[in-house]
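Structure, as C-alpha coordinates:
Numbering (our numbering), first residue to last: 2 to 402.
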(Lines of atoms letter the chains of each structure in order from A and count residues from 1; the text may use other names and numbers.)
(Lines give C-alpha, C1' and ligand atoms only; values in the text may rest on other atoms or scores of the structure.)
Protein backbone atom coordinates (compact mmCIF):
# COMPACT_ATOMS: atom_id res chain seq x y z
CA UNK A 1 0.00 0.00 0.00
CA UNK A 2 2.88 2.29 0.75
CA UNK A 3 4.37 1.55 -2.68
CA UNK A 4 1.11 2.39 -4.44
CA UNK A 5 0.90 5.69 -2.55
CA UNK A 6 4.48 6.49 -3.56
CA UNK A 7 3.70 5.87 -7.31
CA UNK A 8 0.58 8.06 -7.18
CA UNK A 9 2.54 10.95 -5.64
CA UNK A 10 5.20 10.75 -8.41
CA UNK A 11 2.56 10.85 -11.14
CA UNK A 12 0.83 13.83 -9.51
CA UNK A 13 4.09 15.82 -9.34
CA UNK A 14 4.85 15.01 -12.99
CA UNK A 15 1.47 16.23 -14.16
CA UNK A 16 1.89 19.53 -12.31
CA UNK A 17 5.42 20.04 -13.68
CA UNK A 18 4.49 19.61 -17.43
CA UNK A 19 2.89 22.88 -18.76
CA UNK A 20 -0.04 22.85 -21.14
CA UNK A 21 0.19 24.25 -24.71
CA UNK A 22 -1.90 27.24 -23.72
CA UNK A 23 0.16 28.07 -20.59
CA UNK A 24 3.39 27.73 -22.65
CA UNK A 25 2.66 31.01 -24.49
CA UNK A 26 4.82 33.95 -23.32
CA UNK A 27 2.99 36.41 -21.14
CA UNK A 28 2.07 39.81 -22.60
CA UNK A 29 1.59 38.52 -26.18
CA UNK A 30 -1.59 37.39 -27.90
CA UNK A 31 -1.87 34.98 -30.73
CA UNK A 32 -3.30 36.57 -33.94
CA UNK A 33 -7.02 35.90 -34.21
CA UNK A 34 -8.11 33.04 -36.38
CA UNK A 35 -9.30 34.08 -39.82
CA UNK A 36 -12.63 32.46 -39.13
CA UNK A 37 -14.58 31.29 -36.14
CA UNK A 38 -17.17 28.70 -37.23
CA UNK A 39 -19.96 27.82 -34.85
CA UNK A 40 -18.76 30.33 -32.30
CA UNK A 41 -20.89 32.87 -30.49
CA UNK A 42 -20.86 36.40 -32.00
CA UNK A 43 -18.25 38.81 -30.61
CA UNK A 44 -19.46 41.01 -27.74
CA UNK A 45 -20.24 44.69 -28.21
CA UNK A 46 -17.32 47.05 -28.83
CA UNK A 47 -15.66 48.65 -25.83
CA UNK A 48 -14.80 52.34 -25.66
CA UNK A 49 -11.38 52.98 -24.18
CA UNK A 50 -10.42 56.23 -25.91
CA UNK A 51 -8.54 58.64 -23.68
CA UNK A 52 -7.92 62.35 -24.10
CA UNK A 53 -7.39 63.43 -27.76
CA UNK A 54 -3.76 63.74 -28.77
CA UNK A 55 -2.70 66.40 -31.21
CA UNK A 56 -1.48 64.98 -34.52
CA UNK A 57 -2.66 61.48 -33.66
CA UNK A 58 -5.72 59.43 -34.47
CA UNK A 59 -7.42 56.71 -32.42
CA UNK A 60 -7.43 53.16 -33.80
CA UNK A 61 -10.34 51.34 -32.19
CA UNK A 62 -9.79 48.02 -30.41
CA UNK A 63 -11.33 44.69 -31.41
CA UNK A 64 -12.26 41.25 -30.11
CA UNK A 65 -9.93 38.33 -30.77
CA UNK A 66 -10.75 34.62 -30.44
CA UNK A 67 -8.25 33.12 -28.06
CA UNK A 68 -8.23 29.89 -26.03
CA UNK A 69 -11.81 29.13 -26.97
CA UNK A 70 -13.22 32.48 -25.92
CA UNK A 71 -13.44 36.11 -26.95
CA UNK A 72 -10.58 38.32 -25.69
CA UNK A 73 -10.52 42.13 -26.00
CA UNK A 74 -7.52 43.79 -27.73
CA UNK A 75 -7.36 47.45 -26.72
CA UNK A 76 -7.24 50.38 -29.11
CA UNK A 77 -4.23 52.66 -29.60
CA UNK A 78 -3.16 56.13 -30.77
CA UNK A 79 -1.21 56.39 -34.03
CA UNK A 80 0.24 59.37 -35.93
CA UNK A 81 -2.37 60.86 -38.25
CA UNK A 82 -1.84 60.40 -41.99
CA UNK A 83 -3.19 63.27 -44.15
CA UNK A 84 -5.62 61.99 -46.74
CA UNK A 85 -5.87 58.57 -45.07
CA UNK A 86 -8.62 57.26 -42.83
CA UNK A 87 -8.19 54.06 -40.77
CA UNK A 88 -10.68 51.25 -41.10
CA UNK A 89 -10.37 49.22 -37.88
CA UNK A 90 -10.10 45.44 -37.88
CA UNK A 91 -13.43 43.68 -37.35
CA UNK A 92 -15.35 40.46 -37.46
CA UNK A 93 -17.96 39.95 -40.16
CA UNK A 94 -20.57 37.22 -40.20
CA UNK A 95 -20.55 35.25 -43.43
CA UNK A 96 -23.08 32.44 -43.42
CA UNK A 97 -22.67 30.33 -40.26
CA UNK A 98 -19.23 31.63 -39.33
CA UNK A 99 -17.45 34.80 -38.31
CA UNK A 100 -14.60 35.95 -40.60
CA UNK A 101 -11.74 38.27 -39.68
CA UNK A 102 -11.18 41.52 -41.70
CA UNK A 103 -7.76 43.02 -41.07
CA UNK A 104 -7.14 46.68 -40.34
CA UNK A 105 -6.45 48.96 -43.35
CA UNK A 106 -6.08 52.63 -44.30
CA UNK A 107 -8.48 54.11 -46.87
CA UNK A 108 -7.44 56.86 -49.29
CA UNK A 109 -9.40 60.12 -48.97
CA UNK A 110 -8.32 62.52 -51.73
CA UNK A 111 -8.78 66.27 -51.17
CA UNK A 112 -12.09 67.58 -52.58
CA UNK A 113 -12.31 70.05 -55.46
CA UNK A 114 -11.30 73.59 -54.44
CA UNK A 115 -14.09 75.84 -53.27
CA UNK A 116 -14.78 79.20 -54.91
CA UNK A 117 -14.01 82.08 -52.55
CA UNK A 118 -15.62 85.46 -52.95
CA UNK A 119 -12.47 87.55 -53.01
CA UNK A 120 -14.08 90.89 -53.89
CA UNK A 121 -11.86 93.87 -54.61
CA UNK A 122 -8.65 93.65 -52.66
CA UNK A 123 -6.70 96.60 -51.26
CA UNK A 124 -3.99 98.18 -53.37
CA UNK A 125 -0.58 96.54 -53.11
CA UNK A 126 -2.01 93.16 -52.10
CA UNK A 127 -1.98 89.70 -53.68
CA UNK A 128 -4.80 87.18 -53.47
CA UNK A 129 -3.77 83.85 -51.92
CA UNK A 130 -6.15 81.11 -53.01
CA UNK A 131 -7.90 79.02 -50.37
CA UNK A 132 -6.96 75.37 -49.90
CA UNK A 133 -7.95 72.16 -48.13
CA UNK A 134 -6.15 71.29 -44.90
CA UNK A 135 -6.18 67.97 -43.01
CA UNK A 136 -7.41 68.34 -39.44
CA UNK A 137 -8.52 65.66 -37.02
CA UNK A 138 -8.89 63.01 -39.72
CA UNK A 139 -10.95 65.15 -42.12
CA UNK A 140 -10.47 67.73 -44.86
CA UNK A 141 -11.13 71.26 -43.67
CA UNK A 142 -11.37 74.25 -46.03
CA UNK A 143 -9.12 77.25 -45.35
CA UNK A 144 -10.53 80.33 -47.08
CA UNK A 145 -8.33 82.50 -49.31
CA UNK A 146 -7.09 85.88 -48.20
CA UNK A 147 -5.36 89.04 -49.37
CA UNK A 148 -1.71 89.39 -48.41
CA UNK A 149 0.60 92.38 -48.86
CA UNK A 150 2.63 92.07 -52.07
CA UNK A 151 6.38 91.73 -51.81
CA UNK A 152 8.71 93.58 -54.14
CA UNK A 153 10.43 91.26 -56.62
CA UNK A 154 8.40 88.28 -55.39
CA UNK A 155 5.51 86.20 -56.69
CA UNK A 156 3.16 84.00 -54.69
CA UNK A 157 3.46 80.33 -55.66
CA UNK A 158 0.42 78.31 -54.67
CA UNK A 159 1.10 75.00 -52.91
CA UNK A 160 -0.57 71.72 -53.74
CA UNK A 161 -1.35 68.28 -52.34
CA UNK A 162 0.52 65.34 -53.86
CA UNK A 163 -0.18 61.68 -53.18
CA UNK A 164 2.67 59.89 -51.46
CA UNK A 165 3.24 56.25 -50.58
CA UNK A 166 1.13 56.08 -47.43
CA UNK A 167 -0.30 59.60 -47.15
CA UNK A 168 -1.01 62.87 -48.97
CA UNK A 169 1.83 65.36 -48.68
CA UNK A 170 1.50 69.13 -48.86
CA UNK A 171 3.94 70.95 -51.13
CA UNK A 172 4.09 74.22 -49.27
CA UNK A 173 3.25 77.51 -50.93
CA UNK A 174 5.84 80.27 -50.79
CA UNK A 175 7.06 83.61 -52.09
CA UNK A 176 9.48 83.01 -54.97
CA UNK A 177 11.80 85.40 -56.78
CA UNK A 178 10.49 86.94 -59.99
CA UNK A 179 12.65 86.61 -63.12
CA UNK A 180 13.94 90.05 -64.07
CA UNK A 181 13.91 89.25 -67.80
CA UNK A 182 11.79 86.91 -69.96
CA UNK A 183 13.52 83.80 -71.24
CA UNK A 184 10.83 82.95 -73.82
CA UNK A 185 9.51 84.93 -76.79
CA UNK A 186 6.53 87.24 -76.26
CA UNK A 187 3.10 86.03 -77.45
CA UNK A 188 1.79 87.17 -80.86
CA UNK A 189 0.58 90.81 -80.81
CA UNK A 190 -3.08 91.28 -80.03
CA UNK A 191 -5.36 92.57 -82.77
CA UNK A 192 -6.29 96.20 -82.19
CA UNK A 193 -8.68 98.51 -84.01
CA UNK A 194 -7.44 102.10 -83.88
CA UNK A 195 -10.49 103.35 -85.77
CA UNK A 196 -10.42 106.38 -88.02
CA UNK A 197 -7.28 108.48 -88.25
CA UNK A 198 -7.18 111.56 -86.04
CA UNK A 199 -5.79 114.79 -87.32
CA UNK A 200 -2.59 115.81 -85.62
CA UNK A 201 -2.22 112.47 -83.84
CA UNK A 202 -0.23 109.30 -84.38
CA UNK A 203 -1.36 105.78 -83.49
CA UNK A 204 1.15 104.06 -81.22
CA UNK A 205 0.44 100.34 -81.44
CA UNK A 206 0.18 98.20 -78.32
CA UNK A 207 2.91 95.80 -77.27
CA UNK A 208 3.78 93.15 -74.68
CA UNK A 209 5.50 94.25 -71.44
CA UNK A 210 7.26 92.13 -68.84
CA UNK A 211 5.63 92.93 -65.49
CA UNK A 212 5.88 91.00 -62.23
CA UNK A 213 7.43 87.99 -63.96
CA UNK A 214 4.72 87.58 -66.62
CA UNK A 215 3.72 88.95 -70.03
CA UNK A 216 1.20 91.80 -69.83
CA UNK A 217 -0.35 93.57 -72.80
CA UNK A 218 -0.15 97.37 -73.05
CA UNK A 219 -2.91 98.65 -75.33
CA UNK A 220 -2.20 101.06 -78.20
CA UNK A 221 -3.34 104.66 -78.14
CA UNK A 222 -3.50 107.88 -80.13
CA UNK A 223 -0.65 110.24 -79.25
CA UNK A 224 -0.19 113.88 -80.25
CA UNK A 225 2.14 114.20 -83.22
CA UNK A 226 5.46 115.91 -82.62
CA UNK A 227 6.53 118.20 -85.49
CA UNK A 228 9.82 117.18 -87.04
CA UNK A 229 9.79 113.83 -85.23
CA UNK A 230 8.82 110.28 -86.11
CA UNK A 231 7.37 107.67 -83.77
CA UNK A 232 9.54 104.52 -83.78
CA UNK A 233 7.84 101.46 -82.21
CA UNK A 234 9.90 99.39 -79.79
CA UNK A 235 10.58 95.70 -80.22
CA UNK A 236 11.70 92.63 -78.29
CA UNK A 237 15.07 91.21 -79.30
CA UNK A 238 16.55 87.90 -78.22
CA UNK A 239 19.82 88.16 -76.32
CA UNK A 240 22.23 85.51 -75.11
CA UNK A 241 19.95 84.03 -72.42
CA UNK A 242 16.90 86.32 -72.30
CA UNK A 243 14.76 88.76 -74.29
CA UNK A 244 15.39 92.51 -74.14
CA UNK A 245 13.07 95.42 -74.98
CA UNK A 246 14.26 98.22 -77.22
CA UNK A 247 12.02 101.07 -76.16
CA UNK A 248 9.80 103.04 -78.51
CA UNK A 249 10.55 106.74 -78.87
CA UNK A 250 10.23 109.90 -80.97
CA UNK A 251 13.29 110.09 -83.21
CA UNK A 252 14.75 112.46 -85.79
CA UNK A 253 13.27 111.42 -89.16
CA UNK A 254 16.31 112.44 -91.21
CA UNK A 255 17.79 109.74 -93.40
CA UNK A 256 16.28 106.59 -94.94
CA UNK A 257 13.67 104.61 -93.01
CA UNK A 258 14.79 101.79 -90.72
CA UNK A 259 11.39 100.05 -90.68
CA UNK A 260 9.79 98.14 -93.54
CA UNK A 261 6.99 99.81 -95.54
CA UNK A 262 3.41 98.63 -94.94
CA UNK A 263 1.64 96.22 -97.26
CA UNK A 264 1.01 97.61 -100.75
CA UNK A 265 -2.54 98.81 -101.22
CA UNK A 266 -4.77 97.37 -103.93
CA UNK A 267 -6.05 100.10 -106.27
CA UNK A 268 -8.64 100.09 -109.05
CA UNK A 269 -7.09 101.70 -112.13
CA UNK A 270 -10.41 101.75 -113.97
CA UNK A 271 -10.76 101.35 -117.72
CA UNK A 272 -7.56 101.50 -119.81
CA UNK A 273 -6.83 104.82 -121.48
CA UNK A 274 -5.58 104.88 -125.05
CA UNK A 275 -2.08 106.25 -125.31
CA UNK A 276 -1.59 106.18 -121.51
CA UNK A 277 0.28 103.95 -119.06
CA UNK A 278 -0.88 103.14 -115.49
CA UNK A 279 1.70 104.00 -112.84
CA UNK A 280 0.82 102.02 -109.66
CA UNK A 281 0.69 103.73 -106.28
CA UNK A 282 3.41 103.24 -103.71
CA UNK A 283 4.56 104.08 -100.20
CA UNK A 284 6.82 107.11 -99.80
CA UNK A 285 8.94 108.18 -96.85
CA UNK A 286 8.03 111.78 -96.00
CA UNK A 287 8.81 113.69 -92.83
CA UNK A 288 9.75 110.54 -91.00
CA UNK A 289 6.59 108.55 -91.70
CA UNK A 290 5.11 106.30 -94.39
CA UNK A 291 2.72 108.11 -96.72
CA UNK A 292 0.73 106.45 -99.51
CA UNK A 293 0.90 108.01 -102.99
CA UNK A 294 -2.00 106.97 -105.20
CA UNK A 295 -1.52 105.48 -108.67
CA UNK A 296 -2.07 107.56 -111.83
CA UNK A 297 -2.32 107.45 -115.62
CA UNK A 298 0.63 108.92 -117.53
CA UNK A 299 1.02 109.61 -121.23
CA UNK A 300 2.94 106.85 -122.97
CA UNK A 301 6.37 107.66 -124.34
CA UNK A 302 7.49 106.39 -127.68
CA UNK A 303 10.18 103.72 -127.39
CA UNK A 304 9.86 103.77 -123.59
CA UNK A 305 8.30 101.50 -120.98
CA UNK A 306 7.38 102.30 -117.36
CA UNK A 307 9.35 100.24 -114.81
CA UNK A 308 7.81 100.12 -111.31
CA UNK A 309 10.28 100.61 -108.45
CA UNK A 310 10.41 98.79 -105.12
CA UNK A 311 11.69 99.19 -101.56
CA UNK A 312 14.79 97.15 -100.80
CA UNK A 313 16.44 96.54 -97.43
CA UNK A 314 20.12 97.36 -97.38
CA UNK A 315 21.66 96.71 -94.00
CA UNK A 316 19.43 98.32 -91.38
CA UNK A 317 17.86 100.81 -93.83
CA UNK A 318 15.25 100.72 -96.59
CA UNK A 319 15.84 102.39 -99.97
CA UNK A 320 13.58 102.85 -102.98
CA UNK A 321 15.02 102.09 -106.43
CA UNK A 322 14.12 101.03 -109.96
CA UNK A 323 11.29 103.46 -110.82
CA UNK A 324 11.89 104.98 -114.27
CA UNK A 325 11.04 105.16 -117.97
CA UNK A 326 13.37 102.66 -119.60
CA UNK A 327 14.15 102.03 -123.24
CA UNK A 328 12.10 99.36 -124.87
CA UNK A 329 14.35 96.62 -126.32
CA UNK A 330 14.04 96.41 -130.08
CA UNK A 331 14.07 92.62 -130.04
CA UNK A 332 13.08 90.10 -127.36
CA UNK A 333 15.78 88.02 -125.70
CA UNK A 334 13.38 85.23 -124.66
CA UNK A 335 11.22 82.96 -126.75
CA UNK A 336 7.51 83.85 -127.07
CA UNK A 337 5.02 82.07 -124.82
CA UNK A 338 3.02 79.09 -126.01
CA UNK A 339 0.22 80.35 -128.33
CA UNK A 340 -3.27 80.26 -126.83
CA UNK A 341 -5.78 77.77 -128.21
CA UNK A 342 -8.01 79.54 -130.74
CA UNK A 343 -11.56 78.45 -131.37
CA UNK A 344 -11.74 76.50 -134.68
CA UNK A 345 -13.47 78.51 -137.41
CA UNK A 346 -15.73 77.00 -140.05
CA UNK A 347 -14.15 77.06 -143.53
CA UNK A 348 -15.04 80.01 -145.78
CA UNK A 349 -15.05 79.52 -149.53
CA UNK A 350 -12.47 81.70 -151.19
CA UNK A 351 -10.72 82.57 -147.88
CA UNK A 352 -7.62 81.32 -146.03
CA UNK A 353 -7.36 81.22 -142.19
CA UNK A 354 -4.34 83.18 -140.96
CA UNK A 355 -3.39 81.83 -137.49
CA UNK A 356 -2.70 84.27 -134.66
CA UNK A 357 0.81 85.08 -133.53
CA UNK A 358 2.79 86.97 -130.89
CA UNK A 359 4.07 90.42 -131.83
CA UNK A 360 6.70 92.46 -129.99
CA UNK A 361 4.98 95.68 -128.83
CA UNK A 362 6.56 98.24 -126.47
CA UNK A 363 9.04 95.77 -125.08
CA UNK A 364 6.58 92.93 -124.44
CA UNK A 365 4.90 90.11 -126.28
CA UNK A 366 1.34 90.89 -127.38
CA UNK A 367 -1.01 88.35 -128.92
CA UNK A 368 -2.51 89.08 -132.34
CA UNK A 369 -5.63 86.92 -132.94
CA UNK A 370 -6.04 84.91 -136.16
CA UNK A 371 -8.30 86.06 -139.01
CA UNK A 372 -9.71 85.10 -142.42
CA UNK A 373 -8.02 86.56 -145.47
CA UNK A 374 -9.18 86.34 -149.09
CA UNK A 375 -7.22 83.78 -151.05
CA UNK A 376 -4.97 84.89 -153.90
CA UNK A 377 -4.87 83.05 -157.19
CA UNK A 378 -1.92 80.73 -157.54
CA UNK A 379 -0.55 81.90 -154.17
CA UNK A 380 0.13 79.96 -150.92
CA UNK A 381 0.16 81.58 -147.47
CA UNK A 382 3.45 81.05 -145.54
CA UNK A 383 2.98 81.54 -141.76
CA UNK A 384 5.31 83.88 -139.90
CA UNK A 385 7.69 82.60 -137.21
CA UNK A 386 10.11 83.67 -134.48
CA UNK A 387 13.73 82.54 -134.96
CA UNK A 388 16.72 82.90 -132.68
CA UNK A 389 19.50 84.97 -134.22
CA UNK A 390 22.47 85.40 -131.96
CA UNK A 391 21.23 86.65 -128.54
CA UNK A 392 17.71 87.71 -129.55
CA UNK A 393 14.63 86.58 -131.43
CA UNK A 394 13.58 87.98 -134.80
CA UNK A 395 10.10 87.83 -136.32
CA UNK A 396 9.69 86.81 -139.96
CA UNK A 397 6.26 87.99 -141.03
CA UNK A 398 3.84 85.73 -142.83
CA UNK A 399 3.45 86.30 -146.59
CA UNK A 400 1.93 85.01 -149.85
CA UNK A 401 4.27 82.95 -151.93
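The beta carbon of each residue, even a glycine, is placed where N, CA and C say it ideally should be.
These numbers come from a predicted model, not from an experiment.
For residue 88, the secondary structure class from DSSP, reduced to helix, strand or coil, is strand. Secondary structure remark: continuous beta strand (DSSP E) runs of at least 3 residues inside the segment 97-185, in chain order: 99-103, 106-109, 127-130, 133-137, 140-144, 147-150, 155-158, 161-164, 169-172, 175-178. When secondary structure is reduced to three states using DSSP, residue 259 falls in the coil class, being assigned neither helix nor strand. Between residue 364 and residue 306, the gap from beta carbon to beta carbon is short of 8 angstroms.
Relative to residue 289, the option among 318, 180, 256, 369 whose CA is nearest is 256.
Residue burial annotation: residue 231 is buried, with at least 16 other C-beta atoms found within 10 angstroms of its C-beta.
In this structure, the beta-carbon distance from residue 235 to residue 221 does not fall below 8 angstroms. DSSP places residue 355 in the uninterrupted beta strand (DSSP E) bounded by 352-355. By the Cβ-count criterion, residue 82 is buried, with 16 or more other Cβ atoms from all chains shown falling within 10 Å of its own Cβ.
Shown here, residue 220 sits in coil according to DSSP, grouped into three states, outside any helix or strand.
DSSP links residue 64 through a beta bridge to 75.
Counting the other CB atoms within 10 Å of its CB gives residue 190 a total below 16, which places it among the exposed residues. Under the three-state reduction of DSSP output, residue 210 falls in the strand class.
For residue 358, the uninterrupted beta strand (DSSP E) segment begins and ends at 358-362. DSSP places residue 194 in the coil class of the three-state scheme, outside both helix and strand. If you look at residue 342, you'll find it isn't in any beta strand (DSSP E); DSSP assigns it neither H nor E.
DSSP places residue 372 within a strand segment (E or B) once states are collapsed to three.
Counting the other CB atoms within 10 Å of its CB gives residue 183 a total of 16 or more, which places it among the buried residues.
Residue burial is scored here from C-beta neighbours: residue 125 has fewer than 16 other C-beta atoms within 10 angstroms and is therefore classed as exposed. One alpha carbon belongs to residue 69, the other to residue 164, and they sit about 43 angstroms apart. For residue 331, there is no enclosing beta strand (DSSP E), as DSSP marks it with neither H nor E. Here residue 358 is buried, its C-beta having at least 16 other C-beta atoms within 10 Å. Around the CB of residue 352, fewer than 16 other CB atoms lie within 10 Å, so the residue is classed as exposed. Counting only runs of 3+ residues, the beta strand (DSSP E) found wholly inside the segment 231-286 occupies 231-233, 236-239, 244-247, 250-252, 277-280, in chain order. Judged by their CB atoms, residue 282 and residue 294 are nearer to each other than the 8 angstroms cut-off.
Between residue 116 and residue 228, the alpha-carbon positions lie close to 57 angstroms from each other. The Cβ atoms of residue 180 and residue 214 sit closer than 8 angstroms to each other. In the DSSP assignment, residue 402 falls outside any beta strand (DSSP E) and carries neither an H nor an E. Secondary structure note for residue 322: its beta strand (DSSP E) is the uninterrupted segment 318-322. DSSP, reduced to helix, strand and coil, places residue 381 outside both helices and strands of the structure shown, so it counts as coil. Apart from the 5 residues on each side of it in sequence, residue 292 sits with its Cβ closer than 6 angstroms to the Cβ of 285 in its chain, given in chain order.
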